[in-house]
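Following: one structure in structure tokens, then a few remarks.
4 protein chains.
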Amino acid sequence: MTAHPDPQALAQAVAAHMIAHDPATRLLGMELLAIGPGHARLSMKVTANMLNSQGVCHGGMLFALADSAFAYSCNSRNQATVASACTIDFLRPVQEGDQIIATASERSLGGRTGVYDIVLTNQREETVALFRGKSYRLKAHVVSG
Amino acid sequence: MTAHPDPQALAQAVAAHMIAHDPATRLLGMELLAIGPGHARLSMKVTANMLNSQGVCHGGMLFALADSAFAYSCNSRNQATVASACTIDFLRPVQEGDQIIATASERSLGGRTGVYDIVLTNQREETVALFRGKSYRLKAHVVSG
Amino acid sequence: MTAHPDPQALAQAVAAHMIAHDPATRLLGMELLAIGPGHARLSMKVTANMLNSQGVCHGGMLFALADSAFAYSCNSRNQATVASACTIDFLRPVQEGDQIIATASERSLGGRTGVYDIVLTNQREETVALFRGKSYRLKAHVVSG
Amino acid sequence: MTAHPDPQALAQAVAAHMIAHDPATRLLGMELLAIGPGHARLSMKVTANMLNSQGVCHGGMLFALADSAFAYSCNSRNQATVASACTIDFLRPVQEGDQIIATASERSLGGRTGVYDIVLTNQREETVALFRGKSYRLKAHVVSG
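Protein chains in written order, with this note's numbering: chain A, 93 to 237; chain B, 93 to 237; chain C, 93 to 237; chain D, 93 to 237.
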């Protein structure tokens, strides 16, 4: 990797590295749809083993999808970054078989912290949850040059 | 179930019903340690398939544990209740093999909404995350009489 | 007011009523710049009596500006609405003399709850804080017909 | 100030310095009731100019009280500290004349960040709001030796 790589190529290299080493994202069957500097889009199909006792998708599964989209977007500049705090608003119940898409975008980046918004929509393009994550940058890279 | 059941017995009956119908909680190997009116304690062992690309526990798995503890505590009075919003602060990385305990307690209950605090600790009794959930009560019961 | 008023005219009538009866907004010298269905824009000049002991603007004053923008936007359809929960991320210190603008927009509205995002920027168009508010609709109107 | 001052005496010295230089806290008539390492208690009487257009206390005024209690508690060890993010849940309306007490306690402190919980109660000891704040420590002291 060169000293000044193309930001889009770098984001793709980081995402390729991440997805090859990401058991939890694989466990839940998430798929990376798009990646770029500061943004990412993932999808997840809600399966029977993701339901809670009320017969709808467990909030933790929706959070996990949003959190993965957050991770892919905030690491996309090859600065290793962790989540320090997140909030999620649940707006609509999600059913078995629903295809949920999480779209992450960067709202703020300065110093070592950033704020990212993730919108979760279903296959009818209804918003099912809104997630906001605060990132903290470590002093390390995701992929080496 | 009688019209005025013992609150502790009711909480146990509700939890027994929930845990028998809760695929996501089972998928992640959660165990219910304690239940009572307005409180619950669950544990989860972090396995290899819960890790993220940084080699630590995915935030979504920790959120899921907290969210389950939240659900068991806020449904414990046999009022069907859903999460409307949650926040989580991640304080320490969690490793494969760690045994995480989520302890939920009711901070406020009035009208149809409640606020619950869930503390996540590891096997060294270090706090690894703090979760706060807002509940919204539906017009239904969890178990019938 | 007619049964089906123009939404923009209704938003203006609601805002005019609110601002005439809003001591806290007046105390802090806020000014309403724009109003419409689901959105609002307010400004506030940071004065010496809004500073904290570190010599920068007290977080409560910035929250108050965001909260007012939230209130004007979520009441703009003449449904009396209250804040149930809010989060704020502070991104940059705000100095005496800074002119802060809060821009509120509706992210979700369904049933009796809504989610609103408020962005606070300074006179250099830098984002100084991000606020997200959850609203709960009462069974009342702001202005009568 | 000695190299190893008594923590309680240090907390009092810090608070005395802060309160002498805190215009916003004074503007809203807040009073410091108690201070110690990692905790603080402040009170505020709700006056007519703190009301919003619905005739109840403006959320920004309650947030400001909680935020001040947060600031006094997280600076109490003489490490200059700022708020990075806060959440507040509004539980009950607050009326003119109510005497609100904010009690801040430290939930977590590690590295440069901490988490503080602030409970707001009225004169009937009802909880009116719950606030959680995340702190970030600067490389400076509040008072010098």
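Backbone N, C-alpha and C fix where the C-beta goes; we use that ideal spot for every residue, glycine too.
Closer than 9 Å to chain B by CB, residue i
| i | result |
| --- | --- |
| P185(A) | yes |
| I111(A) | yes |
| A163(A) | yes |
| S236(A) | no |
| K231(A) | no |
| A172(A) | yes |
Residues of its chain near residue i, where Cβ-Cβ distance is below 8 Å and the 5 sequence neighbours each way are ignored
| i | result |
| --- | --- |
| V234(D) | V106, H109, M110, N167, N170, Q171 and A172 |
| L222(D) | I180, D181, L183, D209, I210, V211 and L212 |
| Q100(C) | G128 and P129 |
| L124(B) | A107, I111, A132, R133, L134 and Y164 |
| G153(B) | Per the sequence shown, the amino acid found at residue 153(B) is Met instead of Gly. Excluding positions up to five away in sequence, the list reads L120, M136, V138 and M142. |
| S227(C) | F162, C166, T173, V174, A175, S176, T205, G206, V207 and Y208 |
Contacting residues, own chain, Cβ-Cβ under 6 Å from residue i (five flanking each side not counted)
| i | result |
| --- | --- |
| A175(D) | G225 |
| F162(B) | A196, Y208, I210 and G225 |
| A103(A) | I127, G128, P129 and S168 |
| D190(A) | V138 and N214 |
| I193(B) | S135 and T213 |
| R229(C) | Q171, T173 and R204 |
| C178(D) | G225 |
Neighbouring residues, chain B, relative to residue i (Cβ below 9 Å)
| i | result |
| --- | --- |
| L222(D) | R199, S200, V207, D209 and R224 |
| M142(A) | P115, A116 and L119 |
DSSP beta-bridge partners of residue i
| i | result |
| --- | --- |
| C178(C) | G225(C) and I180(D) |
| H131(A) | G128(A) and S197(A) |
| E123(A) | S135(A) |
| Y164(D) | Its beta-bridge partners do not exist; DSSP assigns none. |
| G206(A) | L201(A) and S227(A) |
| Q191(C) | K137(C) |
| L157(D) | None, per the DSSP bridge assignment. |
| V211(A) | T195(A) and L222(A) |
| L143(B) | C149(B) |
| T173(B) | R229(B) |
Own chain residues within Cβ distance below 7 Å of residue i, not counting five before or after
| i | result |
| --- | --- |
| N144(C) | H150 |
| V148(D) | P185, V186 and Q187 |
| S200(B) | G206 and V207 |
| T119(D) | Per the sequence presented here, residue 119(D) reads as Leu, with Thr not at that position. So the list is empty, once near-sequence residues are dropped. |
| A232(A) | A172 |
| E198(D) | G130, H131, S165, G206 and Y208 |
Contacts of residue i in chain B (Cβ-Cβ under 7 Å)
| i | result |
| --- | --- |
| A177(C) | A177 and K226 |
Contact list for residue i against chain A, beta-carbon separation under 8 Å
| i | result |
| --- | --- |
| T219(C) | R199 and S200 |
Interface flag, residue i vs chain A, CB-CB below 9 Å
| i | result |
| --- | --- |
| D98(C) | no |
| G130(B) | no |
| Q146(B) | yes |
| M93(B) | Note on M93(B): pLDDT 47, under 50, position unreliable in the model; the coordinate value appears next. Chain A contact via Cβ: absent. |
Chain-ordered neighbours of residue i on chain D, where CB pairs are closer than 7 Å
| i | result |
| --- | --- |
| D181(B) | V207 and K226 |
| S135(C) | Going along chain D, no residue has its Cβ under 7 Å from S135(C), so there is no contact; the nearest lies around 15 Å. |
Interface partners of residue i on chain C, CB under 8 Å
| i | result |
| --- | --- |
| D159(D) | H150, G151, G152 and F155 |
| S168(D) | By Cβ distance, chain C contributes nothing, its closest Cβ being about 13 Å from S168(D), past 8 Å. |
Any chain D beta carbon closer than 9 Å to residue i
| i | result |
| --- | --- |
| A107(B) | no |
| E123(C) | no |
C-beta neighbour in chain G for residue i, strict 9 Å
| i | result |
| --- | --- |
| E217(C) | Of the protein chains in this structure, namely A, B, C and D, none is chain G. |
Assess, as a yes-or-no matter, whether the region 145 to 159 of chain C is touched by the region 131 to 141 of chain D under the definition of 3 or more beta carbon pairs within less than 8 Å.
no
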